[in-house]
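Participant: Pasting a structure below so you can have a look.
Numbering (this note's numbering), first residue to last: 15 to 559.
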């Protein structure tokens with residue numbers, strides 16, 4: 015039997031549907047089996063179950079043409095969705111597919127890392143479910159094509175983040191951090207809605223694709239393009255706008271206010287300076303697994319969001335967007351470099367380190383050229399890999415200290431004698447911290463050097479000199495940790511018990527991936543540059559090349 019209502023040919027298994035249905039299915043099973051032995055067994059392996067779901071989703075995206083439901087022999091579903099308008103709200107283009115694949119793969123590693131820590135405490139399975147809902151929000155953000163869906167995705171991530179930050183109900187500091195996070199998150203969300211309202215007032219649309227047509231084609235098509243369909247689309251867009259487009263362009267300052275509010279809200283979510291004060295308390299007082307998730311995995315979706323939101327406006331507001339991103343990035347690099355000089359707590363240290371690294375990502379993004387965006391994404395993926403490696407060790411140490419009823423906070427002294435009792439973990443930290451600091455010949459050096467080359471090509475020599483000085487300063491405190499790991503002459507320290515093979519396997523895989531990228535750095539760069547090419551081709555933006 016065929017269905018000819020919409021002339022469908024195939025129905026793709028969308029990532030969001032697959033993950034959303036999976037988490038609802040797991041929830042129903044847990045509700046039905048609550049209190050039974052089977053329910054307790056499922057709670058014990060729930061992290062592995064979600065990891066398998068994410069891995070299966072990666073295979074579905076790699077072989078999407080093989081995993082589809084045949085309905086009839088007519089028009090493909092993607093073409094139908096395009097003509098019916100849904101494709102502009104939930105995007106299923108190459109960029110969203112690659113972004114979701116990267117997210118699912120890194121979150122698969124994350125859930126495998128934390129699985130061992132929840133087997134001993136199966137009554138906290140709600141924490142895992144909340145984390146998975148956050149992953150769903152991150153994936154929705156990568157495929158959102160309008161501001162309404164972007165806002166809903168951000169709120170889903172934020173609500174889960176507030177809950178997992180204050181999950182330790184007996185810890186006053188954890189609850190205080192959750193409340194502080196809630197207040198700052200509410201301010202950021204309010205700014206986002208305010209900015210979107212200004213943009214909607216003068217464009218009459220929430221769709222990002224409409225902004226591409228309006229600000230790019232309106233700027234170029236009447237002069238260099240004779241395609242009647244493009245001109246007709248522009249005429250329809252202008253006629254359908256409830257606000258006056260001409261009035262909007264004459265008052266472009268108000269559109270700049272809207273962009274300013276939207277970008278500031280995203281910068282707050284990323285924890286960039288000078289909007290970073292909440293980040294320090296949340297990272298230090300939240301559960302270690304929650305801090306691990308915030309630091310290593312949430313940044314990617316917000317950077318993709320910046321890609322999508324900024325590029326349609328670049329043709330008219332290039333200097334405004336570029337200068338704004340440049341100021342925020344340099345402030346973040348300065349704060350992250352100097353604030354870490356006196357830090358002794360490892361979670362606070364990694365919080366300031368993330369501010370510093372996100373400053374580098376935004377610095378490269380601020381030039382809005384194809385190669386600078388590629389370097390931003392390259393740097394971000396290296397950052398995620400390195401953070402997974404470092405936070406894996408921090409999580410292991412935190413769990414051991416919890417089992418032996420030591421103090422909850424982790425400082426640099428906990429690394430004393432680590433190379434004596436766990437040389438593999440110490441070597442992994444060596445690779446992670448050297449890469450994070452940008453020491454040659456580690457892969458982090460290549461990512462920072464590429465961003466420095468962007469500054470040199472743009473003739474921003476003074477900015478480049480400042481970035482080099484900050485990088486040298488930041489190298490100092492990474493070397494201080496390596497000194498504690500290998501060169502501290504002490505006889506009193508913590509000798510940690512052996513780690514089981516499952517944890518070591520994941521840890522060694524992460525370390526090996528950084529070593530492989532050290533040998534073959536172009537392997538990742540080719541993938542990243544393909545991502546950028548697909549991004550501009552899907553967005554119909556070519557002038558940034």
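The beta-carbon is built from N, C-alpha and C at its ideal position, and this holds for glycine as well.
Residues in the same chain with beta-carbon distance under 8 Å from residue 470, minus the five sequence neighbours each way, listed in chain order, please.
Facilitator: By 1-based counting over the chain shown, the position of residue 470 is 456. Once the five neighbours on either side are set aside, the close Cβ partners of residue 470 are 478.
Participant: Please state the DSSP three-state secondary structure of residue 34.
Facilitator: As a first step, residue 34 is located in the chain shown; it is residue number 20 there, counting from the start. Three-state result, residue 34: helix.
Participant: Within 10 angstroms of its Cβ, does residue 522 collect 16 or more other Cβ (buried), or is it exposed?
Facilitator: As a first step, residue 522 is located in the chain shown; it is residue number 508 there, counting from the start. Its Cβ having fewer than 16 others within 10 Å, residue 522 is exposed.
Participant: Quick one: is residue 389 buried, meaning 16 or more other Cβ sit within 10 Å of its Cβ, or exposed?
Facilitator: Here residue 389 is taken as the residue at index 375 of the chain shown, counted from 1. With 16 or more other Cβ atoms within 10 Å, it is buried.
Participant: Just to confirm, is the Cβ distance from residue 391 to residue 547 under 8 Å?
Facilitator: In the chain shown, the residue the question calls residue 391 occupies position 377. In the chain shown, the residue the question calls residue 547 occupies position 533. Not in contact: residue 391 and residue 547 (Cβ atoms no closer than 8 Å).
Participant: Take residue 490 and list the residues in its own chain whose beta-carbon comes closer than 8 Å to its own, dropping the five residues that flank it on each side.
Facilitator: Indexing the chain shown from 1 puts residue 490 at position 476. For residue 490, where only same-chain residues beyond five positions count, the Cβ hits under 8 Å are 355.
Participant: If you reduce the DSSP assignment to three classes, tell me which class residue 107 lands in.
Facilitator: By 1-based counting over the chain shown, the position of residue 107 is 93. Of the three classes helix, strand and coil, the one that applies to residue 107 here is coil, per DSSP.
Participant: Is it the case that the Cβ atoms of residue 6 and residue 499 are separated by a distance below 8 Å?
Facilitator: In this structure the chain extends from 15 to 559, so residue 6 is not present and cannot be described.
Participant: By alpha-carbon positions, which one of 313, 408, 359 ends up nearest to residue 171?
Facilitator: On the chain shown, position 157 is the one that residue 171 refers to. Nearest option by C-alpha distance: 313.
Participant: Mind checking residue 200: buried by the 16 CB within 10 Å criterion, or exposed?
Facilitator: Numbered from 1 along the chain shown, position 186 holds the residue referred to as residue 200. Exposed, because fewer than 16 other Cβ atoms sit within 10 Å of the Cβ of residue 200.
Participant: What span of residues does the alpha helix (DSSP H) with residue 322 cover, start to end?
Facilitator: Translated into positions along the chain shown, residue 322 becomes position 308. Run containing residue 322: 313-324, per the alpha helix (DSSP H) assignment.
Participant: Using a Cβ-Cβ cut-off of 6 Å (strictly less than) and excluding sequence neighbours within five positions of residue 80, which residues of its own chain qualify?
Facilitator: Within the chain shown, numbered from 1, the residue matching residue 80 stands at position 66. For residue 80, the predicted structure reports a pLDDT of 40, less than 50, and the residue's modelled location is therefore unreliable. A value from the coordinates is still provided. If we look at residue 80 and ignore the five residues flanking it on each side, it has no Cβ neighbours.
Participant: Can you say whether residue 572 is buried or exposed, counting buried as having 16 or more other CB atoms within 10 angstroms of its CB?
Facilitator: Residue 572 cannot be examined here, being either before or after the span of the chain that is shown, 15 to 559.
Participant: Considering only residues of the same chain and omitting the five flanking positions on each side of residue 322, which have a CB-CB separation below 7 Å?
Facilitator: The residue labelled residue 322 in the question sits at position 308 within the chain shown. So the list reads 222, once near-sequence residues are dropped.
Participant: Starting from the N-terminal side, write out each stretch of the beta strand (DSSP E) that is 3 residues or longer and does not extend beyond the region 117-198.
Facilitator: Those beta strand (DSSP E) runs which fall completely within the region 117-198 and span 3+ residues do not exist here.
Participant: Can you name, in chain order, every residue of its own chain whose Cβ lies under 6 Å from the Cβ of residue 461, other than the five neighbours on each side?
Facilitator: Indexing the chain shown from 1 puts residue 461 at position 447. Same-chain partners within the cutoff: 392, 393, 396.
Participant: Measure the beta-carbon distance from residue 398 to residue 310 and round it to whole angstroms, keeping in mind my assumption that it falls under 8 Å.
Facilitator: Taking the chain shown and counting its residues from 1, one reaches residue 398 at position 384. Taking the chain shown and counting its residues from 1, one reaches residue 310 at position 296. Going by Cβ atoms, the distance from residue 398 to residue 310 rounds to 6 Å, so yes, they are a contact pair.
Participant: Which class does residue 277 belong to by DSSP, given the choice of helix, strand or coil?
Facilitator: Position 263 of the chain shown, counted from the first residue, corresponds to residue 277. Reduced to three states, the DSSP call for residue 277 is helix.
Participant: Looking at residue 124: is its Cβ nearer than 8 Å to the Cβ of residue 75?
Facilitator: In the chain shown, the residue the question calls residue 124 occupies position 110. In the chain shown, the residue the question calls residue 75 occupies position 61. The answer is no: Cβ separation not under 8 Å.
Participant: Between 267, 280, 279, 331, which lies nearest to residue 229 when the distance is taken from Cα to Cα?
Facilitator: Looking up residue 229 in the chain shown gives position 215. Of the listed residues, the one whose Cα sits closest to residue 229 is 331.
Participant: Quick one, which of 528, 482, 430, 520 has its alpha-carbon nearest residue 495's?
Facilitator: Walking along the chain shown from the start, residue 495 turns up at place 481. Checked all of 528, 482, 430, 520; the closest Cα to residue 495 is 430.
Participant: Is it right to say residue 288 is buried, meaning 16 or more other beta carbons lie within 10 angstroms of its own, or is it exposed?
Facilitator: As a working mapping, residue 288 is identified with position 274 in the chain shown. With fewer than 16 other Cβ atoms within 10 Å, it is exposed.
Participant: For residue 277, count neighbouring Cβ atoms within 10 angstroms of its own Cβ and tell me buried if that reaches 16, exposed if not.
Facilitator: In the chain shown, residue 277 corresponds to position 263, counting from 1. Flag for residue 277 reads buried.
Participant: Helix, strand or coil: how does DSSP classify residue 114 here?
Facilitator: Here residue 114 refers to the residue found at position 100 of the chain shown. Helix at residue 114.
Participant: For residue 60 versus residue 40, is the C-beta distance shorter than 8 Å?
Facilitator: Here residue 60 corresponds to residue number 46 of the chain shown, with the count starting at 1. Here residue 40 corresponds to residue number 26 of the chain shown, with the count starting at 1. A contact, by the Cβ cut-off of 8 Å.
Participant: Give the DSSP-derived three-state secondary structure of residue 221 in the structure shown.
Facilitator: Here residue 221 refers to the residue found at position 207 when the chain shown is read from its first residue. In this structure, residue 221 counts as strand in the three-state DSSP scheme.
Participant: Give the range of the alpha helix (DSSP H) segment to which residue 488 is assigned.
Facilitator: Residue mapping note: residue 488 aligns to position 474 of the chain shown, counting from 1. Element bounds for residue 488: 475-500.
Participant: Under 8 Å Cβ to Cβ from residue 155, same chain only, skipping five residues before and after it: list those, please.
Facilitator: Numbered from its first residue, the chain shown carries residue 155 at position 141. Same-chain partners within the cutoff: 164, 167, 168, 171, 315, 316, 318, 319.
Participant: Among 161, 538, 267, 121, whose alpha-carbon lies nearest the alpha-carbon of residue 33?
Facilitator: As a first step, residue 33 is located in the chain shown; it is residue number 19 there, counting from the start. When only C-alpha atoms are compared, the closest one is 121.
Participant: What are the boundary residues of the alpha helix (DSSP H) that residue 380 is part of?
Facilitator: Within the chain shown, residue 380 is the residue found at index 366, counting from 1. That residue, residue 380, is in no alpha helix (DSSP H); it is neither H nor E in DSSP.
Participant: Taking only the alpha-carbon atoms, compute the straight-line gap between residue 177 and residue 196 and give it to the nearest angstrom.
Facilitator: Start at 1 with the first residue of the chain shown, and residue 177 comes out as number 163. Start at 1 with the first residue of the chain shown, and residue 196 comes out as number 182. Distance between the alpha carbons of residue 177 and residue 196 is about 9 Å.
Participant: For the alpha helix (DSSP H) containing residue 454, name the first residue and the last one.
Facilitator: Along the chain shown, read from residue 1 onward, the residue named residue 454 stands at position 440. Looking at the DSSP string, residue 454 is not in any alpha helix (DSSP H), and its letter there is neither H nor E.
Participant: Relative to the C-alpha of residue 160, which candidate in 184, 148, 194, 105 has its C-alpha closest?
Facilitator: Sequence index remark: in the chain shown, residue 160 carries index 146 (1-based). With distances taken between Cα atoms, residue 160 lies closest to 105.
Participant: What does the alpha-carbon distance come out to for the pair residue 150 and residue 112?
Facilitator: On the chain shown, residue 150 is found 136 positions in, with the first residue counted as 1. On the chain shown, residue 112 is found 98 positions in, with the first residue counted as 1. Cα-Cα distance, rounded: 15 Å.
Participant: With DSSP as the reference, label residue 358 as helix, strand or coil.
Facilitator: Indexing the chain shown from 1 puts residue 358 at position 344. The answer is coil: DSSP assigns residue 358 none of H, G, I, E or B.
Participant: Skipping 5 residues on each side, what residues in its chain have a beta carbon closer than 6 Å to that of residue 187?
Facilitator: In the chain shown, the residue the question calls residue 187 occupies position 173. Hits under 6 Å: 299.
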